[in-house]
Amino acid sequence: MMTICTFNSRTLASETSIEDLMVQARKIRGVGGIGVLVNANLAVNIDSLEQLTTQIERLRLRRFGSMPALTVFVAYALTSSYDEDEIEAFYMNLEKFYREDHTFYKVIVGDFNAKIGPRRAPEVLHIGTHGLQWNEQGERLSEFIMTTRTIHSNSQFRKPTSLQWTWESTGGEYHNKIDHIIVNRRYCLTDVGVVPKFYTGSDHRLLRTRLFFSRGGEKAAKYKKRSPKSTINWDLLTTLAGFWEDTVVDNIDEEYERLIQHLRDSGKKAEGSRITKRRLSHETLEVIRQRGAARAAGNHQLTSELAKRCREAIKEDLKERRAAVLAEAAEAWRSIRNTRRDFANSRTKMTTLQRSNGTIFSSRTIMEKVIYDFYSDLLDSHLHLPPCYLKEDGYVIPSVLPSKLRHAIKSMKNRTAPGPDRIRPEHLKSLPTALVNAFARLPTRYLLECKESSQWKISRAVLLYKKGHPQDIDNYRLSAYCPWSTNSSRE
Numbered sequence: 032m033m034t035i036c037t038f039n040s041r042t043l044a045s046e047t048s049i050e051d052l053m054v055q056a057r058k059i060r061g062v063g064g065i066g067v068l069v070n071a072n073l074a075v076n077i078d079s080l081e082q083l084t085t086q087i088e089r090l091r092l093r094r095f096g097s098m099p100a101l102t103v104f105v106a107y108a109l110t111s112s113y114d115e116d117e118i119e120a121f122y123m124n125l126e127k128f129y130r131e132d133h134t135f136y137k138v139i140v141g142d143f144n145a146k147i148g149p150r151r152a153p154e155v156l157h158i159g160t161h162g163l164q165w166n167e168q169g170e171r172l173s174e175f176i177m178t179t180r181t182i183h184s185n186s187q188f189r190k191p192t193s194l195q196w197t198w199e200s201t202g203g204e205y206h207n208k209i210d211h212i213i214v215n216r217r218y219c220l221t222d223v224g225v226v227p228k229f230y231t232g233s234d235h236r237l238l239r240t241r242l243f244f245s246r247g248g249e250k251a252a253k254y255k256k257r258s259p260k261s262t263i264n265w266d267l268l269t270t271l272a273g274f275w276e277d278t279v280v281d282n283i284d285e286e287y288e289r290l291i292q293h294l295r296d297s298g299k300k301a302e303g304s305r306i307t308k309r310r311l312s313h314e315t316l317e318v319i320r321q322r323g324a325a326r327a328a329g330n331h332q333l334t335s336e337l338a339k340r341c342r343e344a345i346k347e348d349l350k351e352r353r354a355a356v357l358a359e360a361a362e363a364w365r366s367i368r369n370t371r372r373d374f375a376n377s378r379t380k381m382t383t384l385q386r387s388n389g390t391i392f393s394s395r396t397i398m399e400k401v402i403y404d405f406y407s408d409l410l411d412s413h414l415h416l417p418p419c420y421l422k423e424d425g426y427v428i429p430s431v432l433p434s435k436l437r438h439a440i441k442s443m444k445n446r447t448a449p450g451p452d453r454i455r456p457e458h459l460k461s462l463p464t465a466l467v468n469a470f471a472r473l474p475t476r477y478l479l480e481c482k483e484s485s486q487w488k489i490s491r492a493v494l495l496y497k498k499g500h501p502q503d504i505d506n507y508r509l510s511a512y513c514p515w516s517t518n519s520s521r522e
């Protein structure tokens, strides 16, 4: 169980409290208007504390014992009196930092100066049914919650009106709920409410949430149901992709994204479910059902016996299925190596890294920095290249021919990982002539205008474990996957 609170003490900067505030301010080394107080028992869990902006702070807690890894974002939003662009910049920064953080549990707390009322439609599940009222800032906060797929915890629990508001106007005439707590896992919420007995002279009240973290809940949330493999009707893909309306767009990035999006939509419409054979036999499934019934009845001895039978039966079924699939691939003259890839059910995870001095650490922040420094030093070019100047004597840059582009596409290998655009070589090989001509026009335009689409500069980097000790960064190979349209055009 963990308790997280948010409190705005801004009104302490009044005339009556200014002397005490100045004395305490000399002891604070931080910069900005937000801070974090952590229980002394959790000091060993602290991984890092970063002041991302003057209005956003991030506290990272590492996994320790029963305490899971957790990231807490502390935010203080601008009021409606500020310019709309500044408010939008705050939410864009908050969303950027939230998406860049990969911790399983994430909590956002702070004063957002936003009013969020009850949900307006049954399908809007990110907002609860126990809010007070809405305002324009609340609409923007609700949009942020919906975009990041988080949960507004204030409105999830029914509380008396006296225990809902977090701000009081001078004289106590108006009350609003403008302090909020947002989480990314609904099942860990147990209670959210204000603490009326906590009073320091501020016009805000302490807002508290109680979270319960369980290994079982985390394991269940991480479990992903195996989705059926899809197959693509290539003739249908060619037909759908042929409905392309070729028009020139002034913006290079918009033209490229429009072309890639059309190809993505065509591929999605041409997908169909592939019927796969059952991995486990009916006899094994029956033993698994009996084991569940014995566990529910509390018969531990029978449960242990059935569990042993389940392990042996599952092992035998998977062995038989593997042999049958490989035999079927051999009879159909398919690649045995590619067929074996489908049996991979685990990946090597990088949980710790070792520094050059021998120290081992598990902090994700430090691991990211070590990886960045290692590959920056390895791949950065230290050579000075002279600037390239275009010829001014009327030289005409030749156009990229569609036939050359088609040849480059056909030379690509199938069954290779896609880049950020999620386009595979098989998709490009099924393109109609109209789309090949459109793809060929792009590099020609980039050469003439001496600039290229920003998507060509983006790649998806993956660290592949080779052999040796997994804590040594030298034992990993960096593989960068570029957009396939980029590779084909450059070839």
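Start counting the sequence shown at 32; every next residue gets the next number (my numbering).
Don't be surprised by glycine CBs; every beta carbon is placed ideally from N, CA and C.
Proximity of residue i and residue j at Cβ, strictly below 8 angstroms
| i | j | result |
| --- | --- | --- |
| K488 | I283 | no |
| V105 | V140 | yes |
| Y512 | Y496 | no |
| A471 | V427 | no |
| E199 | D234 | yes |
| L509 | L494 | yes |
| N144 | Q168 | yes |
| T181 | I212 | no |
| G303 | T262 | yes |
| L271 | K250 | no |
| I454 | I291 | yes |
| T197 | V225 | yes |
| R93 | T102 | no |
| T160 | R150 | yes |
Nearest-angstrom Cα separation, counted from residue j out to residue i
| i | j | result |
| --- | --- | --- |
| G273 | K460 | 13 angstroms |
| I147 | Q195 | 12 angstroms |
| R130 | T382 | 20 angstroms |
| A324 | F121 | 53 angstroms |
| G248 | V214 | 15 angstroms |
| G162 | S186 | 5 angstroms |
| Y136 | Q385 | 26 angstroms |
| N207 | P99 | 33 angstroms |
| S335 | E314 | 18 angstroms |
| C36 | L237 | 7 angstroms |
| E351 | N369 | 19 angstroms |
| T396 | P429 | 48 angstroms |
| N330 | K339 | 15 angstroms |
| R217 | F95 | 22 angstroms |
| R353 | R342 | 17 angstroms |
| D348 | F374 | 13 angstroms |
| S485 | D411 | 20 angstroms |
| I158 | H183 | 5 angstroms |
| D523 | A448 | Because the chain here runs from 32 to 522, residue 523 falls outside it and cannot be looked at. |
| A108 | L156 | 24 angstroms |
| L337 | Q321 | 7 angstroms |
| Q332 | V318 | 15 angstroms |
| E362 | R371 | 15 angstroms |
| Y477 | L68 | 53 angstroms |
| E285 | P433 | 21 angstroms |
| I504 | K346 | 34 angstroms |
| G389 | Q502 | 10 angstroms |
| S40 | F188 | 25 angstroms |
| E115 | Y205 | 25 angstroms |
| L294 | P456 | 12 angstroms |
| D266 | T178 | 36 angstroms |
| D277 | N445 | 27 angstroms |
| E119 | S173 | 13 angstroms |
Residue i - partner residues in DSSP beta bridges
| i | result |
| --- | --- |
| H206 | E199 |
| V214 | V138, I182 |
| Q502 | Answer is none; Q502 lacks a bridge partner. |
| F104 | R89, I139 |
| A492 | A511 |
| F95 | M98 |
| Q82 | E88 |
| C36 | R239 |
| V155 | Looking at the DSSP assignment, V155 forms no beta bridge with any residue, so it has no partner. |
| G169 | Answer by DSSP bridge pairing: none, since G169 is not bridged. |
| I77 | L92 |
| L432 | In the DSSP output, where bridge partners are listed per residue, L432 has none listed. |
Segment contact flag, the segment 431-445 with the segment 235-247, C-beta cutoff 8 angstroms, min 3 pairs: no
The segment 78-96 / the segment 120-128 touching (three or more Cβ pairs under 8 angstroms): yes
Every unbroken beta strand (DSSP E) inside the segment 280-333 [3 residues or more]: With a minimum length of 3 residues, the continuous beta strand (DSSP E) runs that stay inside the segment 280-333 are 302-304.
Cβ pair count under 8 angstroms reaching 3, the segment 453-467 against the segment 309-329: no
Segments assigned beta strand (DSSP E), at least 3 residues, entirely inside the segment 234-282: 237-242, 261-263
Sequence ranges, alpha helix (DSSP H) only - wholly within the segment 353-395, length at least 4: 367-372
Every unbroken alpha helix (DSSP H) within the segment 439-477, with a cutoff of 4 residues, ordered by chain: 456-460
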